Amino acid sequence: MARSTLFRSEEMSLVQLFIPTEISHSTVAHLGERGLIQFRDLNPDLSFFQRSFSDEIRRLNDIERQLRNFSEQCESSNIKIPHMNADSTGTNQPITGRDIHDLAEQLSEHEDKLSNFNDSYRALQRQHQELIENKYVLEGSANIQDIGSLQCPAPAQDQPDSDVETGKTELNQSVSSVGFVAGTIPRNKINVFERVLWRSLRGNLYMYQSEIPEPLTDWQSGDQLEKSTFVIYAHGSEILSKIRKIAEAMGASLYPIDINPEQRRLKIRDIESRLSDLRNILENTNQTRRSELELIARNLSEWMTLVKKEKAIYHVMNLFNYDQNRRCLIAEGWCPTNDIPSAQLSLREAAESTGSHVYPILTQLQTKREPPTFHRTNKFSQGFQNIVDAYGVAKYQEVNPGLFTVITFPFLFAVMFGDLGHGVLMTAFALWLVLKEKSLARYNGGEIFAMMFNGRYIILLMGLFSIFTGLIYNDLFSRSLAIFPSGWAWPAATQNGQSIDARPVGVYPFGLDSAWHGTDNYLIFTNSYKMKMSVILGVIQMSVGIILTIYNHVHFRHGYAIWAEFLPQILFMECIFGYLCICIIYKWLINWNNQPISPPSLLNMLIYMFLSPGSVSPKDQLYSGQGTIQLVLIFIAVVCIPWMLLTKPFILKYKHSKKDRSAPAEILVNSEETGLSSDEDKLKPNHENPEGSKDPGRIPEDSKNDHEIFEFGDIMIHQVIHTIEFCLGCISNTASYLRLWALSLAHAQLSSVLWDMTLKIVLGLAFPINIIGIWAGFAVWFALTVSILMVMEGLSAFLHALRLHWVEFNNKFYAGTGYKYTPFNFRSILRNEDAD
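Residue 258 in numbering that gives the first Met the number 0 sits at position 259 of the sequence shown, with consecutive numbering throughout.
Pasting the structure below:
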């Protein structure tokens, strides 16, 4: 039976399957429905075209192309396609090659029909567009004075009659040579067209233009076009030919026009009659085409799901080997050990569904390959596990930080965000997402809404913890709550503006005393309180991270690392920063009003602990014997540095020198965890890296057992880097936790400023102005509270809490060098396709 714990990933097994050829398709389909096995590629040296089922995949790609074409046409025609939920993968009945062939024939028939409808519709649209343009050209030319009515200029009075007659004859001959070119051109080109003509013909033309009032539909692209008509008058056939060439080059459409006005009117009536007939034909053709698309749309989602599943099945079958002697396919893959009985049940169901008497065989293999990492999650823990996986997938059976993140992440967020009122608003929003999750799961609200919905349980816990820390801080929208009687007594002031020193009369039962709000030293007190609290929380979390390394050392059988790494690390941390936390708590427990000296500065104490070890100034002394204890702690911390630096490399060198000479003289030096393998004398191979694989259910070929020769120098350099990083990291990481104090202070001060600049002003107005002012002030206050304090400050606190977990906590014990378990699963494949 597989071992399972809360702290690490599930145990995985490498399984081998022998699948008879006649039921291979059905077997893979049943496994895809359950999603239990991550198959390995047993043909890494073969290209896609050399694999057994590449022809089937190409045929399915062609079918998928047809379906995408149908989908695009349905969308362009505003025909709704019934959506199939990705969690419902359709029928579990096996699909045969005959079913795919019938589907291909059916889709080809639909494609031919639609192609004919589209061609006819486009041809009719083209005729319709040309007739409309011709109509407007004729109407535009009717507004121009007829060429035949052009009059000659009046002759001069002193000109002889013979000369006048001669002039009339020449002018009539010139008028008779005037021609024209008419047509339509896109409206955005008409001005350029006119300038080109004017410059080319040097002004020897007359051009009349008018806009077509209705937009035209382009018969090719379906886009809306805005066009203008033009009629150009000029002399000579060469000039007219030149005008036609320029017009055609600029995309104009030319139409013939009769000179006779009566003929133009008859032509317009004929065009209107033809347009009426064309509109009826277009409407009937479009209705027939739409009916065909509606018929396709009813089954389009089901067909698309079927094709995607079939492609996924053949992609996975391409990973298998074919045994000609046994007439079966051989597959290998990773499966959770606890799910092997379910996989065997699925294999039996696949054989029984086809009526076969030959059952697939599943066997477990012994291997040294590193398995994928699988953490079984639910809808509550999935969001927290995603936070960890975004940093790096855990190494196989390494301690999983996701379990601790469930509590520590919302708590550290609340330390920075803590406000009772803001926590209630955040909790209410998260509760709405949780209670309406079934209906909201089908709502497409964009990427930001999807992120919030997927993290609804994270937001819920962040809100609940913010309510708790808000009660601790006694902050409600920057106001205080006097839940319990104050622990301070206030004497009466003798003069206005005189400072009043309160005296303690008791202990406030829970959280911060409400009497602190509004005092002169409130900010000084809360600054000191929150800063020290941040250091304590940070040291506790980092210490837990160091302690968790014990679990990794024990599980991976690195027992020597417990006293070679864990002990010096925990001693170094606690001798410096653990001691600082104890001093903080000790200082809090002392009533300094009864002491002869003022409370010492802990920051100065820590600085002089290293500058003058063994000696403590009387004004900085916290307790008796402090100098001796600090000297011992410094000595232990200094000893821990060479302890971490030298112990592990020399242990590894000693173990290597003691190995049997008959064994291979190599060990693998892992860059993340330098050490021996689990049984100390075997070589550890590199794990498989699934990145870059696009096929469903596929991981790339096995990594070969490439071993590096044992080099003591490399191990020593690695250990030097690791030691320096840890020692400096203890200081920088502890200082990094001061962001808890800084953001908490910023949040409280922003909330206070927002209250003072909005509601506090309007509450001080006189009646009845304050009635209107309260409504307006509350609207402004609430809008700024949600946008600035809830959204912007909340996002800032979220990112800082994320950094504290990724850098300060995880790097103490978490390598994150594994690869994720991605089984062949129809649901995940269809869900990813829908997301794309």
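Virtual Cβ for every residue (Gly too), placed ideally from N, Cα, C.
All values reported here derive from a predicted model rather than from experimental measurement.
task: Go to proline 767, then tell me how far its beta strand (DSSP E) extends in each direction, as first and last residue.
output: In the sequence shown, counting from the first residue as 1, residue 767 sits at position 768. It is not in any beta strand (DSSP E) - proline 767 carries neither H nor E in the DSSP assignment.
message: Within 10 Å of its beta-carbon, does alanine 248 have 16 or more other beta-carbons around it, so buried, or fewer, so exposed?
response: As a working mapping, residue 248 is identified with position 249 in the sequence shown. With fewer than 16 other Cβ atoms within 10 Å, it is exposed.
- prompt: Cβ of threonine 733 within 8 Å of Cβ of lysine 394?
  reply: Here residue 733 corresponds to residue number 734 of the sequence shown, with the count starting at 1. Here residue 394 corresponds to residue number 395 of the sequence shown, with the count starting at 1. Contact flag unset, no.
field: Unbroken alpha helix (DSSP H) run spanning methionine 791, endpoints
entry: For the purposes of this step, residue 791 is taken as residue 792 along the sequence shown, with counting starting at 1. From DSSP, methionine 791 is part of no alpha helix (DSSP H); its letter is neither H nor E.
field: Exposure label - leucine 675; buried when at least 16 CB within 10 Å
entry: As a position in the sequence shown, residue 675 is number 676, starting the count at 1. Bear in mind that a pLDDT of 36 at leucine 675, under 50, signals an unreliable position, so the number given afterwards is only what the model happens to contain. Per the 10 Å Cβ criterion, buried.
field: Segment limits, beta strand (DSSP E) that includes glycine 332
entry: Here residue 332 corresponds to residue number 333 of the sequence shown, with the count starting at 1. That run of the beta strand (DSSP E) goes 327-335.
- prompt: Cβ atoms of glycine 626 and valine 638: under 8 Å apart, would you say?
  reply: Stepping through the sequence shown from its first residue, residue 638 is reached at position 639. Stepping through the sequence shown from its first residue, residue 626 is reached at position 627. With a cutoff of 8 Å on beta-carbon distance, valine 638 and glycine 626 are scored as not near each other.
- request: Tell me, please, which residues DSSP counts as bridged to proline 19.
  value: Against the sequence shown, residue 19 aligns to sequence position 20. According to DSSP, proline 19 bridges with Cys327.
task: Could you please give the first and the last residue of the uninterrupted beta strand (DSSP E) stretch that includes leucine 621?
output: To locate residue 621, count along the sequence shown from 1; it is residue 622. Where leucine 621 is concerned, there is no enclosing beta strand (DSSP E), given that its DSSP letter is neither H nor E.
- prompt: To the nearest whole angstrom, what separates the beta carbons of isoleucine 339 and phenylalanine 17, a pair I think is in contact under 8 Å?
  reply: Here residue 339 corresponds to residue number 340 of the sequence shown, with the count starting at 1. Here residue 17 corresponds to residue number 18 of the sequence shown, with the count starting at 1. Not a contact, Cβ separation roughly 15 Å.
message: What does the Cβ neighbour count give for serine 12, buried or exposed, with the cut at 16 atoms within 10 Å?
response: For this step, residue 12 is matched to residue 13 along the sequence shown. So serine 12 ends up on the buried side.
task: Provide the residue(s) that pair with tryptophan 487 in DSSP beta bridges, ordered along the chain.
output: Residue mapping note: residue 487 aligns to position 488 of the sequence shown, counting from 1. Tryptophan 487 pairs with Pro503.
- request: Please name the residue, chosen from Asn283, Ile99, His29 and Phe408, that lies closest to serine 465 on a Cα-to-Cα basis.
  value: Locating residue 465 in the sequence shown gives position 466, where the first residue counts as 1. Serine 465 has its Cα closest to that of Phe408, out of Asn283, Ile99, His29 and Phe408.
query: Does DSSP put leucine 215 in a helix, in a strand, or in coil?
result: Counting from 1 along the sequence shown, the entry for residue 215 is found at position 216. The answer is strand: DSSP assigns leucine 215 an E or B state.
message: Can you give me the C-alpha to C-alpha distance between glutamate 10 and glycine 354, rounded to a whole angstrom?
response: Translated into positions along the sequence shown, residue 10 becomes position 11. Translated into positions along the sequence shown, residue 354 becomes position 355. Roughly 34 Å separates the two Cα atoms.
- prompt: Is the beta carbon of leucine 59 less than 8 Å from the beta carbon of glutamate 309?
  reply: Here residue 59 refers to the residue found at position 60 when the sequence shown is read from its first residue. Here residue 309 refers to the residue found at position 310 when the sequence shown is read from its first residue. Closer than 8 Å, so yes.
query: By Cβ distance, which residues of its chain are closer than 7 Å to tryptophan 515, with the 5 residues on each side in sequence left out?
result: Against the sequence shown, residue 515 aligns to sequence position 516. Excluding residues within five positions, the ones whose Cβ falls inside 7 Å are Tyr521 and Phe524.
- prompt: To which residues of the same chain is leucine 274 closer than 6 Å at the C-beta, ignoring the five residues directly before and after it?
  reply: For the purposes of this step, residue 274 is taken as the residue at position 275 of the sequence shown. Cβ contact annotation for leucine 274 (same chain, cutoff 6 Å, sequence separation greater than five): Leu130, in chain order.
Identity of the residues DSSP links to histidine 799 by a beta bridge: As a position in the sequence shown, residue 799 is number 800, starting the count at 1. Histidine 799 is not bridged to any residue.
- prompt: Excluding five sequence neighbours on each side, which residues of the same chain lie with their C-beta closer than 6 Å to the C-beta of threonine 183?
  reply: Within the sequence shown, the letter at position 184 stands for residue 183. Same-chain partners within the cutoff: Glu132, Lys226, Thr228 and Ser252.
task: Look up threonine 758 in the DSSP assignment and say whether it is helix, strand or coil.
output: Along the sequence shown, one-based indexing puts residue 758 at 759. For clarity, residue 758 is leucine in the given sequence; the question names threonine instead. Correct three-state label for leucine 758: helix.
query: Quick one: is proline 863 buried, meaning 16 or more other Cβ sit within 10 Å of its Cβ, or exposed?
result: No answer is possible for residue 863: it lies beyond the span of the chain, which begins at 0 and ends at 835.
task: Go ahead and pull the three-state DSSP assignment for phenylalanine 38.
output: Taking the sequence shown and counting its residues from 1, the one referred to as residue 38 is at position 39. Reduced to three states, the DSSP call for phenylalanine 38 is strand.
query: Since valine 553 sits in a beta bridge, which residues does DSSP pair it with?
result: Counting from one through the sequence shown, the residue named residue 553 turns up at place 554. Valine 553 is not bridged to any residue.
query: Taking the C-alpha atoms as reference points, what is the distance between isoleucine 771 and tryptophan 780?
result: For the purposes of this step, residue 771 is taken as residue 772 along the sequence shown, with counting starting at 1. For the purposes of this step, residue 780 is taken as residue 781 along the sequence shown, with counting starting at 1. The straight-line gap from Cα to Cα measures roughly 14 Å.
message: Using only CA atoms, which one of Leu102, Ala775, Tyr472 and Ser51 lies nearest to glutamine 323?
response: Within the sequence shown, numbered from 1, the residue matching residue 323 stands at position 324. Per the Cα distances, Ser51.
message: Please state whether the Cβ-Cβ distance between alanine 342 and leucine 749 is less than 8 Å.
response: As a working mapping, residue 342 is identified with position 343 in the sequence shown. As a working mapping, residue 749 is identified with position 750 in the sequence shown. The answer is no: Cβ separation not under 8 Å.
query: Quick one: complete alpha helix (DSSP H) runs, 4+ long, within the segment 304-379?
result: 339-353
- prompt: How big is the Cα-Cα spacing for lysine 884 and arginine 738?
  reply: Outside the modelled stretch of the chain, which goes from 0 to 835, sits residue 884, for which no answer is possible.
query: Can you tell me whether DSSP reads lysine 654 as helix, strand or coil?
result: Translated into the one-based positions of the sequence shown, residue 654 becomes position 655. In this structure, lysine 654 counts as helix in the three-state DSSP scheme.
message: Check whether the segment 787-799 and the segment 528-535 touch, using three or more Cβ-Cβ pairs below 8 Å as the test.
response: no
message: Tell me the rounded alpha-carbon separation between leucine 605 and tyrosine 472.
response: Here residue 605 corresponds to residue number 606 of the sequence shown, with the count starting at 1. Here residue 472 corresponds to residue number 473 of the sequence shown, with the count starting at 1. Roughly 28 Å separates the two Cα atoms.
- prompt: Three-state secondary structure (DSSP) at threonine 627?
  reply: Here the question's residue 627 lines up with position 628 in the sequence shown. Threonine 627 carries a helical assignment under DSSP once its states are collapsed to helix, strand and coil.
field: cysteine 327 versus arginine 368: straight-line alpha-carbon distance, rounded
entry: As a working mapping, residue 327 is identified with position 328 in the sequence shown. As a working mapping, residue 368 is identified with position 369 in the sequence shown. Distance from the CA atom of cysteine 327 to the CA atom of arginine 368, rounded to whole angstroms, is 25 Å.
task: Taking the CB atoms as reference points, tell me whether threonine 372 and tyrosine 818 lie closer together than 8 Å.
output: One-based indexing of the sequence shown puts residue 372 at position 373. One-based indexing of the sequence shown puts residue 818 at position 819. Their beta carbons are under 8 Å apart, which means threonine 372 touches tyrosine 818 by this criterion.
field: Residues near serine 469 by beta carbon distance below 6 Å, same chain, minus five either side
entry: The residue given as residue 469 occupies position 470 in the sequence shown. The sequence shown places glycine at residue 469, not serine. These residues qualify, in order along the chain: Gly417, Asp418, Leu419 and Gly422.
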